[in-house]
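Chains as they are written, first to last, in numbering that gives the first Met the number 0: chain X, 0 to 262; chain F, 0 to 449. We put the beta carbon where it would ideally sit given N, CA and C, even for glycine. Scroll down for the structure; my scribbles are underneath it.
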Amino acid sequence: MSSIAAAPHIFWAILFIVLPLLIVIVYAFTDPEGAFTLENVTSLKDYVSIFGLSIELSVIATFICLLVGYPLAYIIARSKPQHQKIFIMLLMLPMWTNLLIRTYSLMALLDDGGFINTVLGTSFHIVGTKGAVIFGMVYDFLPYMVLPIYTCVSKIDKHMWEVASDLGCNTVTTLTKVILPLSLSGIISGVTMVFVPSISTFYISQKLGGGTFELIGDTIERQFVTGAYNVGAAISLVMMILILISLGIMNYFTEENEGGIVP
Amino acid sequence: MKFIKYILIFIICTLLFCSCNNSDGSDTPASSGKTVSLNVYNWGEYISDEDDEEYGLFDVNAGFEAYYKEKYGVEVKVNYSTYATNEDMYAKLTNSAVSYDIVIPSDYMIQKMIANDMLLPLDFSKLTNYSNISDSFKNMYYDPENLYSVPYTYGMVGIIYNSEFVKPDDVKGESWELLWNEKYAGKILQFNNPRDAFATAMYKEGLNINSSDPSDWDKALAELKAQKPILQGYVNDEIFNKMKSASAWISAYFAGDYLTMAADNTDLRFYYPTEGTNYFVDAMCIPKTSKNYDIALEYINYMIGVEAATANALYIGYASPNQAVLDSDYYKEMLDYNYSIYDDEDNCLVDAWDILYGKTKDEANISYPYNPAYEDYYKDESIDIQTHVTSLWESLKTENSTELWVHITSAAIVISVLGFAIRSTYIRKKRSKFYRDRDREIRKQKQAQK
Chain X
0 MSSIAAAPHI FWAILFIVLP LLIVIVYAFT DPEGAFTLEN VTSLKDYVSI
50 FGLSIELSVI ATFICLLVGY PLAYIIARSK PQHQKIFIML LMLPMWTNLL
100 IRTYSLMALL DDGGFINTVL GTSFHIVGTK GAVIFGMVYD FLPYMVLPIY
150 TCVSKIDKHM WEVASDLGCN TVTTLTKVIL PLSLSGIISG VTMVFVPSIS
200 TFYISQKLGG GTFELIGDTI ERQFVTGAYN VGAAISLVMM ILILISLGIM
250 NYFTEENEGG IVP
Chain F
0 MKFIKYILIF IICTLLFCSC NNSDGSDTPA SSGKTVSLNV YNWGEYISDE
50 DDEEYGLFDV NAGFEAYYKE KYGVEVKVNY STYATNEDMY AKLTNSAVSY
100 DIVIPSDYMI QKMIANDMLL PLDFSKLTNY SNISDSFKNM YYDPENLYSV
150 PYTYGMVGII YNSEFVKPDD VKGESWELLW NEKYAGKILQ FNNPRDAFAT
200 AMYKEGLNIN SSDPSDWDKA LAELKAQKPI LQGYVNDEIF NKMKSASAWI
250 SAYFAGDYLT MAADNTDLRF YYPTEGTNYF VDAMCIPKTS KNYDIALEYI
300 NYMIGVEAAT ANALYIGYAS PNQAVLDSDY YKEMLDYNYS IYDDEDNCLV
350 DAWDILYGKT KDEANISYPY NPAYEDYYKD ESIDIQTHVT SLWESLKTEN
400 STELWVHITS AAIVISVLGF AIRSTYIRKK RSKFYRDRDR EIRKQKQAQK
């Protein structure tokens, strides 16, 4: 019976995941006439600097998310249960608004003649810089970092803190030697969930970056808009492979201790 | 079990395809008593879609539905959707299964669509309001035999600047040079599409915007690359907010849109560059995929009727090719009321009519600040030039300049995280080796004891 229940899901997966992926692969290795070619893949050398910039910006954004998100998740997880609900709610609240609208409003707020500059009478210039793009990524994707870590930390046995201090840990070592390793799986999924959308974003860089520099998402979008499906597919494919590689590296270092504290 | 699974998949597939076919079939026109949908595909913010008597507006799509019901007793539902660029529209029309009954592309795109046999010829005998259209908009170069298109709006590109920040001396020449003026670095906006962006550079350099010589485009590219460092950004619709809030001070954009912006920020001023500028006509066409030809024709006829055309002209703020609209005093008054800017002493600072039609209100005949040559229209380029321009645009957009701090910070993060990971893996391995050895030791001792 389980196989009948699974049939719709398998059908779904084939139609909307496997098939599109195959189409991407086919497009990446053919020319507009449909003949096999490697030209799309070799033309990618023009985009190396864009790949580099995308990776760099999303690495920085992910790291800031981690720095901000971990303490936040920890504090939420350690607060009273009735407070936790409110905190999580507040964290989720911005996500009820569409990402595009949030980004666009961020642009209106931070712009040279935007709301903040007008109200405070300042004249900082941030929209159009890489800093603004990083800020946008952090702002948009922070909840994806906090939620998995929060889940992970709140699942840790409450006695773990007592045990650690009984065995001679002070507050800092409890955190670094016990809690941090225990919540590593949360960190990993948080990092993944922030890094992957950041590296492929195109809207944030277009609005907050002003369009004077491109991330790989913009390049892919432009390829498809101008009808260069084959090159677009090739870039997408390479990006998928890059993401897979970086996830692979991450897993290599964490696989062994996912179970918990090392004896 | 596996067999059942495959059958299930097969059934779902069949259902899916059947439903696809059905939805295609249901669009067929017009037995009486049934609602017919008319798919209209237009630019964003390009039709009067609100009832507002003060500004002379009404919802023209609703107006058409009521009009059609009254005339033929058939319920029509206008499905209105929008696009941002001609190229988007073209891609959607060629790739998607949706059939549109009305599209409103620009001149060069109409030329391309006619060349690719994508449009249906219009039955002008049924367009009773066609006499409203000014003679200067008949037999245009993109549709020389006047078979496929009925003009909707037209206009020109000019330069918008913020008079509060831009010095009068810098705009005296009324030149494209303003977009390259380094004094205003970081406050200048450029089009985010190749055709319009290249045109700004080509006009500045005195090149033909429809040049078939690749080296002309290369020269324009050099200009655009020189301009890139002083730009605030390449933008589309964000231009409205950025100019209104004075985040940016200088940009090239369409005259009609300038009026919309100036309504919110009265410091904005406008001029047509003396080197020449792009001139465009957007016209209504019926694509080959249309399934409601007669209703679509009626829709076009309604849109060029005085009422709808006036409301649209007032809402969009672009110039109207409709002579009946231009002749009406009501339109002149309302245009002035909606868009002209007056100072406190009631002196006219910006005359909307002057911007759109280049003459004072009393002189009714249409003409521009100078006579537009056909050279100022975009024309459909040969495939070779199109590919060339696309690749130039590509090289302009992908040229990233990255500040050093980005490299350093990200490298530092990667190195420290990797270092940390390697160190902890090393410690863990060492530790587990220690415990393994100890266990082995203990086991040995136990065996020895036995």
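Cα separation between residue i and residue j?
i      : j      : result
P196/X : F140/X : 8 Å
L391/F : K171/F : 32 Å
Y176/F : L207/X : At residue 176/F the sequence reads Glu, which differs from the Tyr that was named. If I take the Cα positions, the gap works out to 26 Å.
N240/F : G72/F  : 44 Å
Y434/F : L183/X : 22 Å
T216/F : A72/X  : Inspection of the sequence shows that residue 216/F is occupied by Trp rather than by Thr. Whole-angstrom Cα-Cα distance: 54 Å.
S319/F : Y330/F : 10 Å
T27/F  : I285/F : Confidence is the limiting factor: at T27/F the pLDDT is only 43, short of 50, which leaves the residue's position unreliable and the question unanswerable from this model.
S53/X  : L214/X : 5 Å
P70/X  : F419/F : 19 Å
N346/F : D353/F : 15 Å
S105/F : G154/F : 11 Å
K218/F : P228/F : 17 Å
D342/F : L348/F : 7 Å
K91/F  : V152/X : 48 Å
S394/F : L355/F : 35 Å
I13/X  : Y228/X : 22 Å
M88/F  : N41/F  : 9 Å
Y367/F : S98/F  : Residue confidence is low: Y367/F scores 46 on pLDDT, short of 50, so the model does not pin down where it sits. No coordinate-derived value is stated.
Q205/X : I240/X : 24 Å
E173/F : Y270/F : 7 Å
I24/X  : F35/X  : 11 Å
L37/F  : I219/X : 33 Å
N116/X : I125/X : 11 Å
I80/F  : N60/F  : First, the residue type needs correcting, since residue 80/F is Ser and not Ile in the sequence shown. In a straight line, the C-alpha of S80/F is about 12 Å away from that of N60/F.
T150/X : A76/X  : 8 Å
V137/X : L66/X  : 11 Å
V388/F : A196/F : 11 Å
Classify residue i as buried or exposed, calling it buried when 16 or more other Cβ atoms lie within 10 Å of its own Cβ.
i      : result
C64/X  : buried
Y251/X : exposed
L109/X : buried
D383/F : exposed
T93/F  : exposed
G120/X : exposed
D361/F : With a pLDDT of only 45 at D361/F, under the threshold of 50, the placement of this residue in the model should not be trusted; the figure read from the coordinates follows. Exposed: under 16 other Cβ atoms inside 10 Å.
D134/F : exposed
G258/X : With a pLDDT of only 41 at G258/X, under 50, the local geometry of the prediction cannot be trusted, and no value is derived from it.
N97/X  : exposed
E181/F : exposed
A425/F : It is worth fixing the name first, because residue 425/F is Tyr in this sequence and not Ala. By the 10 Å Cβ count, Y425/F comes out exposed.
G113/X : buried
R442/F : exposed
N132/X : Residue identity check: residue 132/X is Val in the sequence provided, not Asn. So V132/X counts as buried.
N78/F  : exposed
R268/F : buried
E64/F  : buried
Between which two residues does the beta strand (DSSP E) containing residue i stretch?
i      : result
L267/F : 267-270
F28/X  : Taken as a continuous stretch (DSSP letters only), F28/X belongs to no beta strand (DSSP E), as it is neither H nor E.
A227/X : Taken as a continuous stretch (DSSP letters only), A227/X belongs to no beta strand (DSSP E), as it is neither H nor E.
D281/F : 278-283
Y298/F : Here Y298/F belongs to no beta strand (DSSP E); instead the alpha helix (DSSP H) covers 292-302.
Would you give the residue range spanned by the alpha helix (DSSP H) that residue i belongs to?
i      : result
W248/F : That residue, W248/F, is in no alpha helix (DSSP H); it is neither H nor E in DSSP.
K76/F  : Segment 75-82 is the beta strand (DSSP E) holding K76/F; no alpha helix (DSSP H) there.
N116/X : 114-119
Would the beta-carbon of residue i be found less than 6 Å away from any heavy atom of the ligand GTP?
i     : result
N85/F : Ligands displayed in this structure: none; no statement on the ligand GTP is therefore possible.
Closer than 8 Å, Cβ to Cβ, to anything on chain F: give me those residues from the segment 44-68 of chain X, in chain order. D45, Y46, S48, I49, G51, L52, I54, E55, L56, V58, I59, F62
Could you please tell me which residues of the segment 199-231 of chain F, in chain order, have their CB closer than 9 Å to any CB of chain X? So the close ones are K227, P228, L230, Q231.
Considering only residues of the segment 159-229 of chain F, which uninterrupted alpha helix (DSSP H) runs meet the minimum length of 4 residues and lie entirely inside it, listed in chain order? 167-170, 193-204, 213-226
What residues from the segment 170-181 of chain F come within 7 Å of chain X, judged by C-beta to C-beta, listed N to C? none
So within the segment 309-351 of chain F, which uninterrupted alpha helix (DSSP H) runs reach at least 4 residues, ignoring any that extend past its ends? Runs of alpha helix (DSSP H) with 4 or more residues, each lying fully within the segment 309-351 of chain F, are found at 322-326, 328-338, listed in chain order.
Alpha helix (DSSP H) segments (min. 4 residues) lying fully within the segment 169-247 of chain X: 183-199, 202-207, 215-224
Given a limit of 9 Å on CB to CB distance, which residues of the segment 4-37 of chain X reach chain F? A5, A6, P7, I9, F10, I13, L14
Of all the residues that make up the segment 181-209 of chain X, which are near chain F by a beta-carbon distance shorter than 9 Å? Q205, K206, G208, G209
Select from the segment 78-93 of chain F all residues with a C-beta closer than 7 Å to any C-beta belonging to chain X, and list them in chain order. Near chain X, meaning a CB-to-CB distance below 7 Å, the residues of the segment 78-93 of chain F are E86, D87, A90.
Beta carbons nearer than 8 Å to chain F: which residues of the segment 120-133 of chain X have them? H124, V126, G127, K129
Which residues, taken in chain order from the segment 220-244 of chain X, show a beta carbon closer than 8 Å to some beta carbon of chain F? R221, V224, T225, G226, A227
Fully enclosed by the segment 81-152 of chain F, which alpha helix (DSSP H) runs are 4 residues long or longer? 85-94, 106-114
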